[in-house]
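Data block below; observations after.
As structure tokens, this is what we get:
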């Protein structure tokens, strides 16, 4: 049986609201009326009505205009044109945090979205969900820290990382699941970058954990004396990928330290024998259909493909290490990349921060994987994330080091969030990539995008490239 929602006295963290009343016999339709203000008289209510909707059932979803406001509503039941029931007045309010106060934070839409005009996007810095007109419609309550990787799950819940914890909440911000890590100074274990609710109800989260590797001898303070007083150890942060069940139990794990010991990377040493590599993992994608996981390492410009649940490496994409090379900055395909994903058509795509080659503008690239193990990727499409008329990149010195995200949409368009320091959000239509599968070539794409603008204006160039 339906309950009355929103309940009398509710304080909501959203403007898109589901209204419901218990169904009544002989009532075939309901009229929902909403007035602004905390109202108790019928006369005042009639003067301040802002929403009136008649529905065949007893539930409706509608929108109120603002946060930080009070509202009054009621439901009238009909049988034909005859009024059968009229509810009392119910009252609710919408909350407010500084991040969704449009007097403090405002977003300008340069070009309106067309096909995706009814879509929404999470903006983590603002802890909020925005519509395509640049207006906040939902915010995350009760979280002081800036969330990371905030997104909607396949179960219509919201997941994110905050204060070194993976968290799942419902629409009201009520915590459904979280894992509090045991703080241990010896391991420096942490979660970062990405947290995903899996289709089987489990949770997969990216992180780091410190391990101690034995050194052949001690040269300086970086080598730490551990339990074995006769040997010296180097503390190294390695990437971890953990899978938890509903009860926070570890059901699967993968550690990059094991991968390093079995790969070319183990030879990346300084002259005094210390391991000389920042194994900074920043993205993973779980391909549940094929049982594969793609893991991105930013600093070494490398993506590896592992088999789930076995954990063995199926392929490595990037530059192999050779003695004398301490930086992996000559990968022709991508450099310091983020957000590795697999498209519906089985193409590997990512946000290429492109720090190897001036003018360092980021790119979105799609690549075809080799048919056999240990083959190379083939780039078949790219989009240049240009920064036009801003005056900040004319000399080719601006570098887009932090962040960047790209997600495929249902029609195979790409939703892109550019990285610091030029935060731009847009949708690029690459539907003509289908020609690759028909003719072996790519046509130019057509833009369909909305944008968060931070004071820069200009012209935006979109297109594909035959490679």
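Numbering (the working numbering), first residue to last: 12 to 478. For each residue, glycine too, the CB sits at the ideal point set by N, CA and C. Just so it is clear, the structure is predicted and the values come from calculations on it, not from any experiment.
For residue i, which option in the options has the closest C-alpha, if you only look at C-alpha atoms?
i           : options               : result
residue 147 : 159, 155, 109 and 124 : 109
residue 145 : 112, 173 and 151      : 112
residue 222 : 212, 249 and 202      : 249
residue 274 : 130, 327 and 181      : 327
residue 70  : 88, 160, 78 and 272   : 88
residue 130 : 142, 119 and 346      : 142
residue 362 : 348, 371, 244 and 251 : 348
residue 34  : 107, 98 and 247       : 98
residue 267 : 366, 376, 288 and 52  : 288
residue 94  : 193, 65, 378 and 220  : 65
residue 8   : 217, 256, 284 and 259 : This structure does not reach residue 8, given that the chain is present from 12 up to 478, and the question cannot be answered.
residue 24  : 90, 103, 201 and 72   : 103
residue 435 : 208, 422 and 395      : 395
residue 280 : 184, 251 and 247      : 247
residue 311 : 207, 381, 184 and 366 : 366
residue 220 : 252, 189 and 440      : 252
residue 255 : 174, 101, 100 and 191 : 191
residue 44  : 86, 79 and 19         : 86
DSSP on residue i, reduced to helix/strand/coil?
i           : result
residue 75  : coil
residue 110 : helix
residue 475 : Only weak support is given to the placement of residue 475: the predicted model assigns it a pLDDT of 34, under 50, and the value that follows is read from those uncertain coordinates. Residue state, collapsed to three classes: coil.
residue 492 : Because the chain spans 12 through 478 in this model, residue 492 falls outside it and cannot be assessed.
residue 278 : helix
residue 176 : strand
residue 53  : helix
residue 268 : helix
residue 128 : coil
residue 137 : helix
residue 58  : helix
residue 85  : strand
residue 352 : strand
residue 451 : Unreliable positioning characterises residue 451 in this predicted model, as indicated by a pLDDT of 43, which lies under 50. The coordinate reading is nonetheless provided below. Coil.
residue 164 : coil
residue 153 : coil
residue 433 : coil
residue 273 : coil
residue 284 : coil
residue 289 : coil
residue 428 : strand
residue 93  : strand
residue 398 : coil
residue 181 : coil
What residue range does the beta strand (DSSP E) around residue i cover?
i           : result
residue 44  : 40-47
residue 393 : 389-395
residue 147 : 147-150
residue 293 : 292-298
residue 416 : 416-419
residue 319 : Per DSSP, residue 319 belongs to no beta strand (DSSP E) and is neither H nor E.
residue 69  : It is not in any beta strand (DSSP E) - residue 69 carries neither H nor E in the DSSP assignment.
residue 326 : 324-328
residue 22  : 21-23
Work out the CA separation of residue j and residue i for me, nearest whole Å.
i           : j           : result
residue 48  : residue 83  : 6 Å
residue 298 : residue 168 : 20 Å
residue 483 : residue 139 : Since the first and last residues shown for the chain are 12 and 478, residue 483 lies out of range.
residue 359 : residue 438 : 18 Å
residue 132 : residue 333 : 43 Å
residue 118 : residue 134 : 11 Å
residue 385 : residue 150 : 45 Å
residue 163 : residue 186 : 14 Å
residue 199 : residue 81  : 46 Å
residue 76  : residue 50  : 17 Å
residue 31  : residue 67  : 12 Å
residue 262 : residue 205 : 18 Å
residue 271 : residue 428 : 31 Å
residue 294 : residue 115 : 32 Å
residue 300 : residue 170 : 22 Å
residue 353 : residue 309 : 18 Å
residue 286 : residue 27  : 53 Å
residue 260 : residue 213 : 10 Å
residue 355 : residue 376 : 15 Å
residue 202 : residue 122 : 36 Å
Name the one or two DSSP bridge partners that residue i has.
i           : result
residue 254 : 215 and 263
residue 16  : 31
residue 246 : 223
residue 363 : 374
residue 159 : 172
residue 102 : 83
residue 202 : 218
residue 64  : 43
residue 306 : 295 and 315
residue 343 : Answer is none; residue 343 lacks a bridge partner.
Answer with yes or no whether the minimum CB distance from residue i to chain D is below 7 Å.
i           : result
residue 260 : Protein chain content of the structure displayed is limited to a single chain, and chain D is not contained in it.
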